[in-house]
Amino acid sequence: MTMKKRLTALALCLLLLSSVFPAALAADGPTELATVEDLLKLGTDPDGSYILTRDIDMSGVTWVPPAFSGKLDGNGHTIYNLSVYTVGMTHRDTVDGNNKKYDSEFAGFFSVLDGAEVKNLQLRGVEINVTSAGHCFVGALAGYAKNSLIQNCALRDARLTLVAACTMNAANSSKPRPSSNAGVGGLVGFGTAIFHGCSVDVTLIFDDACDDGVWCEEFMGGILSCGNGDIYNCSVNIDGYDACRGYAHNGGLMGMYYQYDKSEELGKITGCAVNGIITFFEDNKDRRAYCESFVGELLTYTNMSECSQTFLRNELFDYDVKLNPETCDNPVFTKVVHEADCTTWGYTTHTCTGCGNTWDDSFVPPTHQPGDWVISQPATYETSGERQRICTVCGQVVERQVIAPHVAGEWVLVREPDFGVEGLRQLLCADCGEVLEEEVIPAKVAASEVTLTPSRLLIHYKETAQLSARVLPVNVDVSLVYFESSDPSVATVDTDGTVHAVGRGSAVITCRSADGQATATCPVLVNYSVRQWLIEILLFGWIWY
Numbered sequence: 263m264t265m266k267k268r269l270t271a272l273a274l275c276l277l278l279l280s281s282v283f284p285a286a287l288a289a290d291g292p293t294e295l296a297t298v299e300d301l302l303k304l305g306t307d308p309d310g311s312y313i314l315t316r317d318i319d320m321s322g323v324t325w326v327p328p329a330f331s332g333k334l335d336g337n338g339h340t341i342y343n344l345s346v347y348t349v350g351m352t353h354r355d356t357v358d359g360n361n362k363k364y365d366s367e368f369a370g371f372f373s374v375l376d377g378a379e380v381k382n383l384q385l386r387g388v389e390i391n392v393t394s395a396g397h398c399f400v401g402a403l404a405g406y407a408k409n410s411l412i413q414n415c416a417l418r419d420a421r422l423t424l425v426a427a428c429t430m431n432a433a434n435s436s437k438p439r440p441s442s443n444a445g446v447g448g449l450v451g452f453g454t455a456i457f458h459g460c461s462v463d464v465t466l467i468f469d470d471a472c473d474d475g476v477w478c479e480e481f482m483g484g485i486l487s488c489g490n491g492d493i494y495n496c497s498v499n500i501d502g503y504d505a506c507r508g509y510a511h512n513g514g515l516m517g518m519y520y521q522y523d524k525s526e527e528l529g530k531i532t533g534c535a536v537n538g539i540i541t542f543f544e545d546n547k548d549r550r551a552y553c554e555s556f557v558g559e560l561l562t563y564t565n566m567s568e569c570s571q572t573f574l575r576n577e578l579f580d581y582d583v584k585l586n587p588e589t590c591d592n593p594v595f596t597k598v599v600h601e602a603d604c605t606t607w608g609y610t611t612h613t614c615t616g617c618g619n620t621w622d623d624s625f626v627p628p629t630h631q632p633g634d635w636v637i638s639q640p641a642t643y644e645t646s647g648e649r650q651r652i653c654t655v656c657g658q659v660v661e662r663q664v665i666a667p668h669v670a671g672e673w674v675l676v677r678e679p680d681f682g683v684e685g686l687r688q689l690l691c692a693d694c695g696e697v698l699e700e701e702v703i704p705a706k707v708a709a710s711e712v713t714l715t716p717s718r719l720l721i722h723y724k725e726t727a728q729l730s731a732r733v734l735p736v737n738v739d740v741s742l743v744y745f746e747s748s749d750p751s752v753a754t755v756d757t758d759g760t761v762h763a764v765g766r767g768s769a770v771i772t773c774r775s776a777d778g779q780a781t782a783t784c785p786v787l788v789n790y791s792v793r794q795w796l797i798e799i800l801l802f803g804w805i806w807y
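Take the sequence shown: its position 485, counting from 1, is numbered 747 in this note's numbering, and each next residue is one higher.
Spelled out as structure tokens, the structure:
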């Protein structure tokens with residue numbers, strides 16, 4: 263079955279499963295990747311389905327390329343500052359133009375993609391620098407691919423270097439001409455894949471440092487160095503350097519197009535654009551010197567249509583020159599740091615003081631200046647809410663958090679009510695302490711007037727009289743009153759307003775509201791009755807009076 267037919271069959275199977283078991287498929291979503299530690303899952307579970315949830319900085323990480331056969335959705339995020347200095351553990355067979363097989367090793371973010379799908383992923387600030395004594399292919403995304411889909415992927419500010427260092431002992435020394443099969447591709451080194459909507463900005467360097475007598479078969483391409491596949495609507499900006507002592511196959515898109523596996527359907531190239539230059543030499547008396555804007559050598563003819571190019575084939579004939587972007591023997595670099603802002607990446611530019619060549623590294627993603635948290639959707643007792651942090655420079659929402667539904671706690675007294683001043687109490691969330699409800703406590707109502715009935719008293723000695731007090735207004739907060747006598751030797755008063763005449767004379771009974779805001783008075787005159795007068799006169803005589 264061809265690669266296209268397999269992908270179509272897979273899509274139909276997924277569609278059928280989603281209609282029969284929609285809930286099960288929905289529950290089993292992709293594993294989220296947000297850290298370098300998360301990325302290690304790609305190697306421990308290579309058949310899984312994954313999705314990036316944020317940009318990931320690979321600075322200082324020793325990355326060993328894993329093999330992968332699952333699905334990776336970059337979700338528009340970027341893996342940046344990736345450095346690879348070693349090949350992966352997985353080997354596969356590659357072939358040369360004569361279909362001779364070589365047990366090969368690979369380097370890239372992945373070593374091998376086998377039936378894999380990678381989409382919506384950006385790689386930025388990639389440095390791959392591998393020296394191999396075996397047959398080796400390098401690509402920023404993968405060194406090798408088979409029956410894989412690579413869609414909407416972008417490569418920026420990448421520098422990929424492969425040094426072929428085969429020795430006579432490492433190569434097949436039983437043959438008259440031991441050989442090295444090697445290549446560098448912008449996205450993939452060797453294999454078959456569908457590339458759709460990808461963009462590449464890359465520097466590719468191949469250095470043939472094999473022993474004399476080891477014959478090199480070299481491949482270089484902005485998308486794929488050697489193989490068979492479909493390349494749709496892809497763009498390449500390439501700066502290539504190839505020092506080859508053997509046969510060179512260099513192209514802006516592919517070094518060599520070859521349907522080496524006839525069971526796979528022949529692909530095609532359409533809607534692509536190439537810009538750049540490949541500088542190379544081919545130290546070989548039987549020179550072929552393949553280097554073209556799109557495909558260096560069409561070993562198997564394929565259809566190419568609607569493609570454009572601004573490409574320079576720069577062949578040199580000095581085989582002793584070292585081909586690198588830096589032309590100085592001992593380059594010395596100055597560096598300038600460009601700070602990130604809300605919309606653009608930060609990076610460090612290195613400039614050679616001798617030849618003026620520049621390259622960038624130490625990338626920093628766009629950096630916002632988040633303000634304070636602002637509630638965009640308040641939570642209720644039944645539903646969650648949301649709060650946001652907004653960049654103080656550009657106004658973009660940079661962070662969101664879910665606010666859990668509130669749980670009512672106890673009412674808390676915030677302010678006691680007083681006369682003429684309202685009080686306040688609040689209901690707080692037991693989890694977060696947010697004020698859920700407020701209640702105003704009415705202000706205390708002060709007494710404005712106290713009336714006494716009767717308003718005057720004339721009583722006889724040793725008699726009692728009852729005063730009745732009324733406090734206004736009727737909704738007074740405290741209706742209690744207190745009584746006191748101005749002269750307890752004449753008249754005393756109980757708490758209920760009962761006046762006792764205890765001596766002849768006059769006194770004033772004062773009635774005061776409990777809040778002290780209103781008073782009333784009742785004059786009291788105490789006299790003897792006729793009987794009391796007669797007894798006094800008879801007992802003590804008129805002198806007392």
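Ideal placement from N, C-alpha and C gives every residue a C-beta, glycine not left out.
How big is the Cα-Cα spacing for L787 and G778?
Residue numbering aside, residue 787 sits at position 525 when the sequence shown is read from its first letter. Residue numbering aside, residue 778 sits at position 516 when the sequence shown is read from its first letter. Rounded to whole angstroms, L787 to G778 spans 26 Å at the Cα level.
Relative to the C-alpha of A455, which candidate in Y520, N499 and D317 has its C-alpha closest?
Counting from 1 along the sequence shown, the entry for residue 455 is found at position 193. It is Y520 whose Cα lies nearest to the Cα of A455.
Does the separation of the CB atoms of N512 and E479 fall below 7 Å?
Position 250 of the sequence shown, counted from the start, is the residue given in the question as residue 512. Position 217 of the sequence shown, counted from the start, is the residue given in the question as residue 479. The beta carbons of N512 and E479 sit no closer together than 7 Å.
What does the alpha-carbon distance come out to for the pair F543 and R662?
Reading the sequence shown from its first residue, position 281 is the one you call residue 543. Reading the sequence shown from its first residue, position 400 is the one you call residue 662. Taking the straight line from one Cα to the other gives about 55 Å.
So, helix, strand or coil for T270, using DSSP?
Working through the sequence shown from its first residue, we reach residue 270 at position 8. Confidence at T270 is low in this model, with a pLDDT of 47, below 50, so the placement of that residue should be treated as unreliable; the coordinate-derived value is given next. If DSSP states are grouped into helix, strand and coil, T270 belongs with the helices.
Decide if K597 is buried, meaning its Cβ has at least 16 other Cβ atoms within 10 Å, or exposed.
Along the sequence shown, read from residue 1 onward, the residue named residue 597 stands at position 335. K597 is exposed by the Cβ-count criterion.
Figure out for me which residue from P292, G508, A709 and T620 has the closest Cα to the Cα of V594.
In the sequence shown, the residue the question calls residue 594 occupies position 332. Check the Cα spacing between V594 and each of P292, G508, A709 and T620: the tightest is with T620.
Would you kindly check if the distance between the Cβ of T760 and the Cβ of Q728 is under 7 Å?
The sequence position of residue 728 within the sequence shown is 466, counting from 1. The sequence position of residue 760 within the sequence shown is 498, counting from 1. Yes, the Cβ-Cβ distance between Q728 and T760 is below 7 Å.
Buried or exposed, going by whether 16 or more other CB atoms sit within 10 Å of the CB of C415?
Your numbering for residue 415 matches position 153 in the sequence shown. Looking at its Cβ environment, which holds 16 or more other Cβ atoms inside 10 Å, C415 is buried.
Where does G401 fall in DSSP's three states?
As a position in the sequence shown, residue 401 is number 139, starting the count at 1. The answer is strand: DSSP assigns G401 an E or B state.
Tell me the rounded alpha-carbon separation between A288 and K303.
Your numbering for residue 288 matches position 26 in the sequence shown. Your numbering for residue 303 matches position 41 in the sequence shown. Because A288 carries a pLDDT of 42, less than 50, the predicted location of this residue cannot be relied on, and the following value inherits that uncertainty. Their backbone Cα atoms lie some 21 Å apart in a straight line.
Count the CB pairs spanning the segment 377-388 and the segment 398-410 that are closer than 8 Å, and state whether there are at least three.
yes
If you drop the 5 nearest sequence neighbours on each side, which residues of the same chain put their C-beta closer than 6 Å to that of S373?
Taking the first residue of the sequence shown as 1, we reach residue 373 at position 111. If we look at S373 and ignore the five residues flanking it on each side, its Cβ neighbours are P327, A329, G350, T352 and G405.
With DSSP as the reference, please indicate the residues paired to E479 in a beta bridge.
Position 217 of the sequence shown, counted from the first residue, corresponds to residue 479. Per DSSP, N443 and Y509.
What residue range does the alpha helix (DSSP H) around K303 cover?
For the purposes of this step, residue 303 is taken as residue 41 along the sequence shown, with counting starting at 1. Residues K303 to T306.
Taking Cβ to Cβ, would you say C590 is nearer than 7 Å to G608?
The residue given as residue 590 occupies position 328 in the sequence shown. The residue given as residue 608 occupies position 346 in the sequence shown. Going by C-beta atoms, C590 is not nearer than 7 Å to G608.
Checking the sheet assignment: what are the DSSP bridge partners for P667?
As a working note, residue 667 is residue 405 in the sequence shown. The partner list for P667 (beta bridge, DSSP) is empty, contrary to what the question assumes.
Suppose you measure from the CA of L385 to the CA of L690; what does that come to, to the nearest Å?
Residue numbering aside, residue 385 sits at position 123 when the sequence shown is read from its first letter. Residue numbering aside, residue 690 sits at position 428 when the sequence shown is read from its first letter. Rounded to whole angstroms, L385 to L690 spans 48 Å at the Cα level.
Return yes when the C-beta of E644 is under 6 Å from any heavy atom of the ligand MG, and no when it is not.
As for the ligand MG, it is missing from this structure, which has no ligand bound.
Just verifying my parser: in three-state terms, what is the DSSP assignment at L585?
Taking the sequence shown and counting its residues from 1, the one referred to as residue 585 is at position 323. L585 falls in the coil class under three-state DSSP.
Taking the alpha-carbon positions, what's the K333 to V664 distance?
Within the sequence shown, residue 333 is the residue found at index 71, counting from 1. Within the sequence shown, residue 664 is the residue found at index 402, counting from 1. Going from the Cα of K333 to the Cα of V664 covers about 29 Å.
Following the continuous beta strand (DSSP E) through Q728, name the residue where it begins and the one where it ends.
For the purposes of this step, residue 728 is taken as the residue at position 466 of the sequence shown. T726 to Q728 is the extent of the beta strand (DSSP E) around Q728.
With a CB to CB cut of under 6 Å and the five nearest residues on each side skipped, what residues in its chain are close to P292?
Against the sequence shown, residue 292 aligns to sequence position 30. Closer than 6 Å at Cβ, skipping near neighbours: S311, Y312 and I313.
I'd like the list of long-range same chain contacts for H762, defined as Cβ closer than 7 Å, with 5 residues on each side in sequence excluded.
Counting from 1 along the sequence shown, the entry for residue 762 is found at position 500. These residues qualify, in order along the chain: T726, A753 and T754.
Since A524 sits in a beta bridge, which residues does DSSP pair it with?
Within the sequence shown, residue 524 is the residue found at index 262, counting from 1. Per the sequence shown, residue 524 should be read as Lys rather than Ala. BP columns for K524 are empty, so no partner.
Mind checking whether A705 and V738 have CB atoms under 7 Å apart?
One-based indexing of the sequence shown puts residue 705 at position 443. One-based indexing of the sequence shown puts residue 738 at position 476. Their beta carbons are not under 7 Å apart, which means A705 does not touch V738 by this criterion.
Roughly how many angstroms lie between the CA atoms of G533 and S555, to the nearest whole one?
Position 271 of the sequence shown, counted from the start, is the residue given in the question as residue 533. Position 293 of the sequence shown, counted from the start, is the residue given in the question as residue 555. Rounded to whole angstroms, G533 to S555 spans 14 Å at the Cα level.
Please state the DSSP three-state secondary structure of I797.
Here the question's residue 797 lines up with position 535 in the sequence shown. Note: I797 maps to helix in three-state DSSP.
List the residues that DSSP assigns as beta-bridge partners of I456.
Here the question's residue 456 lines up with position 194 in the sequence shown. Answer by DSSP bridge pairing, in chain order: L411 and D492.
Considering only their Cβ atoms, is the gap separating I500 from I531 smaller than 7 Å?
What you label residue 531 is simply residue 269 of the sequence shown in a count that begins at 1. What you label residue 500 is simply residue 238 of the sequence shown in a count that begins at 1. Not closer than 7 Å, so no.
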